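Report on the structure given below.
Number of protein chains: 2
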Amino acid sequence: MQKLAIGIDIGGTNISYGVVTEDGVVKLKESFPIKEFTDVNVFVDYLAERLKISLTGLSTEFQLMGVGIGAPNGNYYKGTIEFAPNLPWKGKVPLADLLSKKIGLPVKLTNDANAAAMGEMIYGNAKYLKDFIMITLGTGLGSGFVANGKMILGHDGFAGELGHAIFDPNGRMCNCGRKGCLETYASASGIVRTVKEFLAESDEPSVLRHIAIDDISSEMIYKASLERDPIALKAFDYTAYVLGIMLANAVAITSPEVIFLFGGLANAGDRLFKPVKRYMNEHLLEIYKDKIELKPSGLSENDAAILGAAALIWEN
Amino acid sequence: MQKLAIGIDIGGTNISYGVVTEDGVVKLKESFPIKEFTDVNVFVDYLAERLKISLTGLSTEFQLMGVGIGAPNGNYYKGTIEFAPNLPWKGKVPLADLLSKKIGLPVKLTNDANAAAMGEMIYGNAKYLKDFIMITLGTGLGSGFVANGKMILGHDGFAGELGHAIFDPNGRMCNCGRKGCLETYASASGIVRTVKEFLAESDEPSVLRHIAIDDISSEMIYKASLERDPIALKAFDYTAYVLGIMLANAVAITSPEVIFLFGGLANAGDRLFKPVKRYMNEHLLEIYKDKIELKPSGLSENDAAILGAAALIWEN
Numbered sequence: 009m010q011k012l013a014i015g016i017d018i019g020g021t022n023i024s025y026g027v028v029t030e031d032g033v034v035k036l037k038e039s040f041p042i043k044e045f046t047d048v049n050v051f052v053d054y055l056a057e058r059l060k061i062s063l064t065g066l067s068t069e070f071q072l073m074g075v076g077i078g079a080p081n082g083n084y085y086k087g088t089i090e091f092a093p094n095l096p097w098k099g100k101v102p103l104a105d106l107l108s109k110k111i112g113l114p115v116k117l118t119n120d121a122n123a124a125a126m127g128e129m130i131y132g133n134a135k136y137l138k139d140f141i142m143i144t145l146g147t148g149l150g151s152g153f154v155a156n157g158k159m160i161l162g163h164d165g166f167a168g169e170l171g172h173a174i175f176d177p178n179g180r181m182c183n184c185g186r187k188g189c190l191e192t193y194a195s196a197s198g199i200v201r202t203v204k205e206f207l208a209e210s211d212e213p214s215v216l217r218h219i220a221i222d223d224i225s226s227e228m229i230y231k232a233s234l235e236r237d238p239i240a241l242k243a244f245d246y247t248a249y250v251l252g253i254m255l256a257n258a259v260a261i262t263s264p265e266v267i268f269l270f271g272g273l274a275n276a277g278d279r280l281f282k283p284v285k286r287y288m289n290e291h292l293l294e295i296y297k298d299k300i301e302l303k304p305s306g307l308s309e310n311d312a313a314i315l316g317a318a319a320l321i322w323e324n
Numbered sequence: 009m010q011k012l013a014i015g016i017d018i019g020g021t022n023i024s025y026g027v028v029t030e031d032g033v034v035k036l037k038e039s040f041p042i043k044e045f046t047d048v049n050v051f052v053d054y055l056a057e058r059l060k061i062s063l064t065g066l067s068t069e070f071q072l073m074g075v076g077i078g079a080p081n082g083n084y085y086k087g088t089i090e091f092a093p094n095l096p097w098k099g100k101v102p103l104a105d106l107l108s109k110k111i112g113l114p115v116k117l118t119n120d121a122n123a124a125a126m127g128e129m130i131y132g133n134a135k136y137l138k139d140f141i142m143i144t145l146g147t148g149l150g151s152g153f154v155a156n157g158k159m160i161l162g163h164d165g166f167a168g169e170l171g172h173a174i175f176d177p178n179g180r181m182c183n184c185g186r187k188g189c190l191e192t193y194a195s196a197s198g199i200v201r202t203v204k205e206f207l208a209e210s211d212e213p214s215v216l217r218h219i220a221i222d223d224i225s226s227e228m229i230y231k232a233s234l235e236r237d238p239i240a241l242k243a244f245d246y247t248a249y250v251l252g253i254m255l256a257n258a259v260a261i262t263s264p265e266v267i268f269l270f271g272g273l274a275n276a277g278d279r280l281f282k283p284v285k286r287y288m289n290e291h292l293l294e295i296y297k298d299k300i301e302l303k304p305s306g307l308s309e310n311d312a313a314i315l316g317a318a319a320l321i322w323e324n
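In C-alpha cells:
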C-alpha cells in the first residue's frame with residue numbers, strides 16, 4: 009500500500025495543498041483563497057472537508073501518514089502560528105492541534121522557509137548535505153539553517169530569520185518596525201525599493217522611468233537588466249552586494265557546504281548568482297573563501313512549498 | 009579507579025594544560041611559553057615529556073581517557089591547526105595526530121571558543137541547554153554556537169567565527185585583512201580603538217588623556233568608567249551598541265536560550281551586560297524580544313580554557 013503525506017502551504021493570499029509520495033511525487037494539488045476565513049475554526053472545518061473530498065479522488069489504495077504545514081511565523085515545537093502579520097488570524101493559533109483533532113492524523117507545522125529547507129533535504133539538492141542554508145527570495149527573505157543534519161529551530165522554534173538580520177541599523181524601514189533588515193534590500197520588494205532610490209538619485213536614462221513608479225516589479229527590473237538598462241544593472245549589483253555580505257556573516261556562524269537561493273528573485277539566475285557569489289567571497293574570512301557553494305534549489309518553484317511541508321512527515 | 013582527561017589550551021604566548029576529573033576538578037595545572045617551538049615535532053616531543061612528568065606527580069590511581077586541545081583556528085574534524093596567525097607553526101599542522109601517536113591516547117582538538125562552549129556545556133552554566141551561544145571577549149572576539157544540543161562545527165569544522173562577521177563593510181581595518189569585523193569593535197582591543205577615536209574626535213575631558221595613547225588598556229577604560237569618565241562611559245556604550253546589534257543578528261539565525269559572555273571585557277559586569285542587553289533587545293525581531301538571556305559564564309576564568317579542552321574528551 010502506498011504511503012502518502014499531505015503538504016499544506018499557507019500564504020497571505022492562498023492556501024495550497026498537495027498529496028505527496030515518499031519519493032516526492034505530487035499526486036494532486038489544489039488551492040483556495042484564505043482571506044475570508046477570519047475564524048480559524050471555520051477554516052479548519054472547511055480545510056478538513058476539502059482534504060476529504062480530494063483524497064476520495066485518488067484511485068490507488070494508500071495509507072495517509074500525516075499532514076505537514078508550512079506557514080509564516082510557524083512554530084515547529086508548538087504547532088502554532090504566532091502573530092503572522094499577513095494572515096487573517098491574530099495572536100497565537102494552535103493550527104496543528106486543531107487540524108489534528110479534526111482529521112485524526114499527526115499534523116506537523118513549521119515556518120515556510122524552514123519547510124523549504126526540509127523539502128530541499130528530503131527531495132531536492134540537499135539530500136546528502138548535513139550543513140546548508142536555504143534562502144527564499146520572495147516578497148520578503150526567508151531562511152532555513154541546517155547544521156549537523158538537523159534543522160536549527162532554536163530554543164523557541166523560531167530560529168532562521170536571516171531576512172530580519174540587520175544590514176544597516178540606520179537603513180530602510182522594515183515592516184517589522186525596525187530599520188535596515190536584510191529583506192528590505194534583498195528580496196523582490198527590496199530590489200524595487202533600490203530601483204526607486206536610484207531613479208530618484210540620478211537622471212541616468214532607464215526604461216524603468218517610463219513605468220508608473222508604483223507599478224515597477226522585480227520581473228520588470230530583471231527584463232530591463234537583460235537589455236543592459238543601467239539602473240536595473242546597478243540595482244542587481246547593489247542587491248547582490250548586500251546579500252553577499254549578509255551571507256558571508258551567516259557563513260561565519262554555521263559554515264555551510266552549500267547555500268541555496270530559491271524563489272522569484274533567484275529566477276534571475278546568473279544576473280543574481282554571479283555577483284552574490286563574488287561579493288560573498290570578497291567578504292568571507294580567509295578560511296571560508298571559495299569553499300561555500302551557491303546553488304539554485306532542486307525543487308520546482310510550483311511544488312516546493314507543498315513538498316517542503318510534506319517533508320515534515322517523512323523526516324520522522 | 010578515577011577517570012581523568014588532560015585539557016590543553018594553546019595561546020599565542022603560552023600553552024597551559026591541566027588534569028581534569030569528570031566533575032570538572034582541575035587536579036594539576038602547568039604552563040610554558042610556546043614562541044621558541046618553531047618546529048612542531050620538537051614541541052610535541054617536549055609536551056609529551058612534560059605531560060608524563062606531570063602525571064607521575066599524581067598520588068591517586070587513575071585511568072587517562074584522552075587529551076583535548078583548544079587552539080586558535082583549530083579544526084575538530086581533522087584535528088589540525090590551520091593558518092593560525094599568532095602561532096609559531098605555518099600552514100596546516102596535524103597536532104592531534106602527532107600528539108596521539110606520541111602518547112598513545114585519543115586526542116581531540118577544536119578552536120578555543122568552541123572549547124569554551126563545550127566547557128560551559130559539560131561543567132558550567134549550560135548543562136541543561138540545547139541552544140546557546142558562547143562569546144569570548146579577549147583580545148579578539150571568539151564564539152561557539154550550540155544548536156539541538158550539538159556544537160555547530162560546519163561542513164569544514166570552522167563554524168563559529170562571529171568575531172569576523174562584518175558590522176560595517178566600510179569600517180575598521182581588521183587583522184584578517186577585511187573591514188568592519190565585529191571584533192574590531194567588541195573586544196579588549198576594540199574598546200581601546202573606540203577610546204582612541206573618541207579622544208581624537210573631541211576635547212571632552214577624560215583621565216584617559218593623561219595616559220600615553222598606546223598604553224591605554226581595556227582595564228584602564230573600565231576603571232575610568234567606574235569614576236564616570238565620559239569618554240570611558242561612551243566607549244562602553246558604543247561597544248555594547250555594536251555587540252548588541254550583532255548578537256541580535258546571531259539570534260535571528262539560531263535563536264538561543266542563553267548567550268554567555270566570557271573573558272576580560274565581560275569582567276566589566278553590568279557596565280557591559282546592561283547596555284548590551286538593552287541594545288540587543290532594541291534590535292531583536294518582535295518574536296525574540298526579552299526571551300534571550302544574557303549571562304556570565306559559569307567557569308572560572310583561570311580554568312575555563314583547560315576545562316573546555318578537557319570537555320572534548322567527556323563529550324563522547
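Going down the list, the protein sequences come from chains A and B. In the working numbering, each number is its position in the first sequence, counted from 1, plus 8. In the working numbering, each number is its position in the second sequence, counted from 1, plus 8. Quick reminder that beta carbons are idealized off the backbone N, C-alpha and C, glycines included. Quick caveat: nothing in here was measured; it's all calculated off a predicted structure.
Counting along the chain, Ser151(A) sits inside no alpha helix (DSSP H); it lies in the beta strand (DSSP E) bounded by residues 149-155.
Between the alpha carbons of Asn94(B) and Asn22(B) lies a gap of roughly 11 Å. Taken in chain order, the complete beta strand (DSSP E) segments of 3 or more residues contained in the region 120-147 of chain A are 140-145. Counting only Cβ-Cβ distances below 9 Å, Asn81(B) has contacts in chain A at Ile295, in chain order.
In this structure, Trp97(A) is the residue among Trp97(A), Asp120(A), Gly168(A), Leu302(A) with its C-alpha nearest to the C-alpha of Lys43(A).
Ile174(B) reaches chain A at Ile253, Ala256, Asn257, His291, counting residues in chain order whose Cβ is nearer than 8 Å. By the Cβ-count criterion, Glu191(B) is buried, with 16 or more other Cβ atoms from all chains shown falling within 10 Å of its own Cβ.
For Tyr54(B), the enclosing alpha helix (DSSP H) begins and ends at 48-64. Under the 7 Å criterion on CB atoms, Glu169(B) is classed as interfacial with respect to chain A.
Within its own chain, the residues whose Cβ lies closer than 6 Å to the Cβ of Ala276(B), once the five positions on either side in sequence are excluded, are Tyr230, listed in chain order.
Using a Cβ-Cβ cut-off of 7 Å, Phe153(A) is close to Ile261 of chain B, given in chain order. Near chain B, meaning a CB-to-CB distance below 8 Å, the residues of the region 176-187 of chain A are Pro177, Cys184, Gly185, Arg186.
Using a Cβ-Cβ cut-off of 7 Å, Lys37(B) does not count as an interface residue toward chain A, since no Cβ of chain A sits closer than that to its own. No Cβ of chain B is located within less than 7 Å of the beta carbon of Ile130(A). When only Cα atoms are considered, Ser67(B) and Ile111(B) end up about 20 Å apart. Bounds of any beta strand (DSSP E) do not take in Pro96(A), whose DSSP letter is neither H nor E.
Ala260(B) and Tyr85(A) have their alpha carbons spaced roughly 17 Å apart.
Beyond the five residues adjoining it in sequence on each side, Leu251(B) comes within less than 7 Å, by CB distance, of Ala194, Val284 in the same chain, given in chain order.
If you draw a straight line from the Cα of Thr29(B) to the Cα of Gln10(B), it is about 8 Å long.
Chain order gives the chain B residues near Gly162(A) as Asp139, Ala155, Val259, Ile261, Thr262, Ser263, Pro264, Glu265, Tyr296, where near means a beta carbon separation below 9 Å.
If you look at Ala13(A), you'll find it in the beta strand (DSSP E) that goes 10-18. Within 9 Å of the CB of Lys158(A), the CB atoms of chain B belong to Ala155, Asn156, Lys158, in sequence order along the chain.
DSSP places Tyr193(A) outside both helix and strand once states are collapsed to three, so it counts as coil.
Counting only residues of its own chain and dropping the five nearest sequence neighbours on each side, Ala167(A) has a CB closer than 6 Å to the CB of Ile160, Leu161. When the beta-carbon positions are compared, Ile253(A) and Pro177(B) come within less than 7 Å of each other. Counting every other CB atom within 10 Å of its CB across the protein chains shown gives Lys116(A) a total of 16 or more, marking it as buried. Under the Cβ criterion of 7 Å, Phe268(A) is not counted among the residues facing chain B. Sequence-distant Cβ neighbours of Asn133(B) in its own chain, meaning closer than 7 Å and more than five residues away, are Phe268, Lys303, Ser305, Gly306. When C-beta atoms of the region 59-66 of chain A are compared with those of the region 36-53 of chain B, fewer than three pairs fall below 8 Å, so the two segments do not count as touching.
Checking the DSSP bridge columns, you'll see Val115(A) partnered with Val75(A). Contact annotation, Gly82(A) with Asn49(A): C-beta distance approximately 18 Å; criterion of less than 8 Å not satisfied.
DSSP places Tyr230(A) outside any beta strand (DSSP E); the residue lies instead in the alpha helix (DSSP H), whose first and last residues are 226-234. Within chain B, no C-beta atom comes nearer than 8 Å to that of Glu323(A); the closest sits roughly 13 Å away.
Asp211(A) counts as exposed, since fewer than 16 other C-beta atoms from the protein chains shown sit within 10 angstroms of its C-beta. In terms of beta-carbon proximity, Phe166(B) lines the interface with chain A, with at least one pair separated by less than 7 Å.
Pro304(B) is bridged by DSSP to Leu269(B).
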